[in-house]
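Okay, so here's the structure we're looking at.
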Amino acid sequence: MSEETMKKKIISILFLLTFFNYFLLTDTPFASKIEETIYSKFGTSNFSISLRSMDSGKLVFEKAGDFGIKPASTLKLLTAASALEMLGEDYRFITEVYMDGKINGNVLEGDLYIKGGGDPTLQEENFISMANALKRLGVESVSGSLYGDDFNFIGSQLTPGISTHDETYYYASRTSALTMSPDDDYDAGTIIVKWNGSVEPSEDSWSDREKYN
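Read left to right, the sequence shown gives residues 1 to 213 (our numbering).
The following block contains the structure:
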């Protein structure tokens, strides 16, 4: 299924949920209106829908509710809702930069460490900002190594149900506390980091090996 098709299906589901109360207030039976809306959007595609009251949890509508289908991007709605509930709307992910050794002139005689905090929106520009912050401290080059710390999360890095053979696909990437996204959709991608010992990024310091596998 293409990304565009999936987006249309998600919009259709949101449309269905948005007008949930409207359907209840009309004279036409609720189930009939729901089915009419479903088939006008999904046609003969396979789908599974269960609607429950947010107040009582009671099942108010079901169509092939026991039919198991991969949720795809619709699962992001539950992920976002869970994050808002547990973390709060003011929560901020923090990515930290540490260094050891000493600064001699404009050279850091030591190593750099980037400690990930699970920020899903990290992009190239954020790492450039980190490099610029070091530059403001007078650091022009680093004689040591660059280390990435992605051990902020515990447990299995693979989503339950995902095989190690699926890791080449962007939707099956491992959970990491330090991930850089290649685009504004925050997709997973393979990033090649070419460390040249300088805080001044070269033109080819970052590159996508493949945006989608």
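Idealized CB from N, CA, C, for every residue including glycine.
These numbers were taken from a predicted model, which means no experiment stands behind them.
- In the three-state scheme derived from DSSP, where H, G and I count as helix and E and B as strand, R136 is classed as helix.
- Between S173 and D150, the CB-CB gap reaches or exceeds 7 Å.
- If you look at F30, you'll find it isn't in any beta strand (DSSP E); it sits in the alpha helix (DSSP H) that goes 30-42.
- Only residues of its own chain outside the window of five on either side were considered, and among them K63 have a CB closer than 8 Å to the CB of E35, listed in chain order.
- Contact between L51 and F61 holds: their C-beta atoms lie close to 4 Å from each other, under 8 Å.
- A straight-line Cα-Cα distance of about 36 Å links I69 and T95.
- Shown here, I162 sits in coil according to DSSP, grouped into three states, outside any helix or strand.
- Per DSSP, the unbroken beta strand (DSSP E) holding L146 starts and ends at 146-149.
- Using a 10 angstroms sphere on the CB of V97, the tally of other CB atoms stays under 16, which defines it as exposed.
- Distance from the Cα of G118 is smallest, within the candidate group S141, S143, A83, M130, for A83.
- Under the 10 Å beta carbon count, G116 is surrounded by 16 or more other beta carbons and is classified as buried.
- For L51, the enclosing beta strand (DSSP E) begins and ends at 49-52.
- Annotation: G138 to Q157 spans about 38 Å, alpha carbon to alpha carbon.
- DSSP places S141 in the strand class (E or B) of the three-state scheme.
- Contact check for G155 and I114: beta-carbon distance about 22 Å, past the 8 Å limit, so the pair fails to qualify.
- The DSSP-derived three-state label of L108 is strand.
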